[in-house]
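In the numbering used here, the protein residues as written are 36 to 230.
Take a look at the structure set out below.
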C-alpha cells in the first residue's frame with residue numbers, strides 16, 4: 036500500500052548499508068514473484084505498508100513460492116502488521132514463520148529484541164507513519180520469539196540449522212527509527228549471508 040509510501044524508508048536504509056537491491060511491487064494485489072525468481076536472491080524483504088482488508092502479505096501462490104524459496108536455502112524478512120489480519124494463520128505462517136498464535140491490532144508501542152538474532156537489541160520505541168494496528172504474535176512449531184513488545188510477543192523467527200529461514204515482524208519495520216532500523220537490517224543481512 037503506497038499511501039503513505041514508506042518504500043524510501045527501506046531503500047534508504049539498504050543504500051546506507053551498501054546493499055544492492057531489486058524491487059517487486061505487488062501493486063496491492065496477489066501479483067507476486069515466483070519461486071524461480073526468488074531463488075536468485077539470498078534475502079527477500081517483504082513489507083506491506085498500511086495495507087489491510089485485502090492483500091497484506093503473501094497470498095496462497097506467494098506463500099507457496101516462499102515455501103519453495105526457504106526450502107531451497109532462501110531467507111525471508113516479512114514485516115506486516117496486517118498480514119495475519121488479512122490472511123489468517125496459514126500453514127505457511129505456522130511451518131515457515133514459526134507462528135503459534137496471534138491477536139490482531141493490540142497496538143505495540145515499543146519492542147525489545149529477543150532470541151538468537153536480536154537478543155542484543157534493547158528497547159525500541161515505535162513511531163508509526165500510519166495507524167498502529169500492530170499484532171501480538173506468539174511463537175510455535177519450532178519458532179522463536181524475536182521481539183517482545185509492550186503488549187506481549189511481537190515477532191517470531193524460524194531459523195534453519197543449515198540453509199533458509201524466516202523472520203516475521205507483527206509490527207512494521209517502517210515504525211522503527213533510522214539507526215535501530217539499520218541495526219535490525221544489518222543483523223538480518225549478516226544472517227542472510229550465512230554469518
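Every residue gets a Cβ at the ideal spot worked out from N, C-alpha and C, and that includes glycine.
Source: prediction; values computed, not measured.
Within the stretch 104-128, the beta strand (DSSP E) runs of at least 3 residues that lie entirely inside it are, in chain order, 110-114. The continuous alpha helix (DSSP H) containing residue 45 extends over residues 42-51. DSSP places residue 218 outside any beta strand (DSSP E); the residue lies instead in the alpha helix (DSSP H), whose first and last residues are 213-227.
Residue ranges of uninterrupted beta strand (DSSP E) with 3 or more members, entirely inside the stretch 57-107 and ordered along the chain, are 78-82.
Residue 189 sits in a strand when the DSSP states are folded into three classes. The residues 134, 136, 137, in chain order, have a CB closer than 8 Å to that of residue 124 in the same chain once the five nearest residues on each side in sequence are set aside.
By alpha-carbon distance to residue 211, the top candidate from 222, 79, 205, 159 is 159. Distance between residue 192 and residue 104, taken at the CA atoms: about 16 Å. Judged by their CB atoms, residue 90 and residue 64 are nearer to each other than the 8 Å cut-off. Shortest Cα-Cα distance from residue 162 to any of 70, 88, 61, 144 involves 144. Taking C-beta atoms under 8 Å as the contact rule, residue 110 and residue 78 qualify, at a distance of about 5 Å.
Taking a cut-off of 8 Å for Cβ pairs, the stretch 138-157 and the stretch 165-172 touch, as three or more such pairs fall below it.
DSSP, read as helix, strand or coil, puts residue 179 in strand. Taking all protein chains shown into account, residue 46 has fewer than 16 neighbouring C-beta atoms within 10 Å of its C-beta and is therefore exposed. The beta carbon of residue 96 sits closer than 8 Å to those of 65, 67, all from its chain and outside the five residues before and after it, given in chain order. Contact between residue 130 and residue 176 is confirmed by a C-beta separation of about 6 Å, below the 8 Å threshold.
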